[in-house]
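Here the structure comes first, spelled out in structure tokens, and everything after it is commentary.
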Amino acid sequence: MRLTALLAMAARVKVPPDYRYGTSRPWTVGAQRMNPPGKKRRKVFVEPIQPEEWSLFKGDTVEVLAGKDSGKQGKISQVIRARNWVILEGLNTHYRYIGRSGEYRGTYIASESPLLVREVALVDPSDRKPTQVEWRFTEEGERVRVSLRSGRILPKPVVQRRDGIVPEQWKDGPKDTSPDDALEKTYSASLKTFEEEITGATGVMETRAGRRTFWY
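When you read off a place in the sequence shown, starting at 1, and then add 108, the result is the number in this note's numbering.
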């Protein structure tokens with residue numbers, strides 16, 4: 109595991125209790141524009157789904173069950189659990205007019221709208237048809253997704269990160285910091301100054317007394 113992965117696990121975005129999630133990440137400019145400080149937006153009620161019961165992940169192939177693209181299949185490109193949303197690549201799109209400024213008339217771009225999780229179904233690779241899934245345990249104790257129609261195990265998709273690394277397939281190299289080394293506590297807090305700690309660690313004996321100072 110890389111040190112950057114450990115730091116990413118520790119860095120969690122904190123949002124206000126009444127924060128309204130959208131398709132933009134909370135730390136982006138678009139999300140900050142939709143949730144400006146001091147403005148309280150209308151509360152959105154979302155059907156609660158326990159984290160352990162969530163069965164759709166980025167990279168899964170699903171079929172649309174409702175809307176203008178009903179019956180089409182696509183791959184999940186983004187999952188927004190706070191709103192029970194999934195975004196599919198190239199499906200459920202609408203056009204937006206952006207970039208208008210001065211003499212430039214702007215342009216239309218295709219933007220993918222989110223779909224609720226109940227509006228899509230996971231595709232069974234055995235027959236390429238939508239199916240309902242449930243979580244079960246194997247004989248080895250591994251928790252897996254199983255198709256209710258065919259009984260086939262549907263493994264989680266392997267997704268490549270932006271830096272080209274697949275976390276499930278990553279192997280530490282000689283220059284990678286191991287998790288044990290990254291989490292090892294090597295500093296002991298003390299009331300000594302930095303200079304006193306250096307002289308004590310190097311074995312230098314300082315006989316001079318420091319001049320007393322006052323805060324006022």
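Idealized CB from N, CA, C, for every residue including glycine. The structure presented is a predicted model; accordingly, all values stated were derived computationally and were not measured.
Open item on the list: Quick check: residue 325 and residue 226, are their CB atoms within less than 8 Å of each other?
Closed with: The requested residue 325 does not occur in the structure, where the chain is confined to residues 109 to 324.
Open item on the list: For residue 165 and residue 255, what's the separation of their Cα atoms in angstroms?
Closed with: As a first step, residue 165 is located in the sequence shown; it is residue number 57 there, counting from the start. As a first step, residue 255 is located in the sequence shown; it is residue number 147 there, counting from the start. Per the coordinates, the alpha-carbon of residue 165 lies some 15 Å from the alpha-carbon of residue 255.
Task: At least three beta-carbon pairs within less than 8 Å, the region 188-203 to the region 217-233 - done: Between the region 188-203 and the region 217-233 there are three or more inter-stretch CB-CB distances shorter than 8 Å, so the stretches are counted as touching.
Open item on the list: Check for me: the beta strand (DSSP E) holding residue 239 runs from which residue to which?
Closed with: In the sequence shown, the residue the question calls residue 239 occupies position 131. Looking at the DSSP string, the run of the beta strand (DSSP E) that includes residue 239 is 237-239.
Task: Proximity below 8 Å, CB of residue 167 to CB of residue 274 - done: The residue given as residue 167 occupies position 59 in the sequence shown. The residue given as residue 274 occupies position 166 in the sequence shown. Contact flag unset, no.
Task: Through-space distance from residue 296 to residue 282, alpha-carbon basis - done: Position 174 of the sequence shown, counting from 1, holds the residue named residue 282. Position 188 of the sequence shown, counting from 1, holds the residue named residue 296. Going by the C-alpha atoms only, they are around 28 Å apart.
Task: Inter-residue Cα distance where the pair is residue 159 and residue 251 - done: For this step, residue 159 is matched to residue 51 along the sequence shown. For this step, residue 251 is matched to residue 143 along the sequence shown. Taking the straight line joining both Cα atoms gives about 14 Å.
Open item on the list: Just to confirm, is the Cβ distance from residue 185 to residue 197 under 8 Å?
Closed with: Here residue 185 refers to the residue found at position 77 of the sequence shown. Here residue 197 refers to the residue found at position 89 of the sequence shown. The Cβ atoms of residue 185 and residue 197 sit closer than 8 Å to each other.
TODO: State the Cα-Cα distance for the pair residue 126 and residue 213, rounded to the nearest angstrom.
DONE: As a working note, residue 126 is residue 18 in the sequence shown. As a working note, residue 213 is residue 105 in the sequence shown. Whole-angstrom Cα-Cα distance: 37 Å.
Task: Where the beta strand (DSSP E) containing residue 140 begins and where it ends - done: On the sequence shown, residue 140 is found 32 positions in, with the first residue counted as 1. Judged by DSSP secondary structure, residue 140 falls outside any beta strand (DSSP E) and instead within the alpha helix (DSSP H) spanning 137-142.
Open item on the list: Please report the straight-line C-alpha distance between residue 269 and residue 218, rounded to a whole angstrom.
Closed with: Counted from its first residue, the sequence shown places residue 269 at position 161. Counted from its first residue, the sequence shown places residue 218 at position 110. Approximately 24 Å, taken between the alpha carbons.
- [ ] Closer than 8 Å by C-beta to residue 239: which residues in its own chain qualify, once you throw out the five before and the five after it? Chain order, please.
- [x] Taking the sequence shown and counting its residues from 1, one reaches residue 239 at position 131. Sequence-distant partners of residue 239 (beyond 5 residues in either direction) whose C-beta falls short of 8 Å from its own C-beta, in its chain, are 229, 230, 231, 232, 255, 256, 257 and 258.
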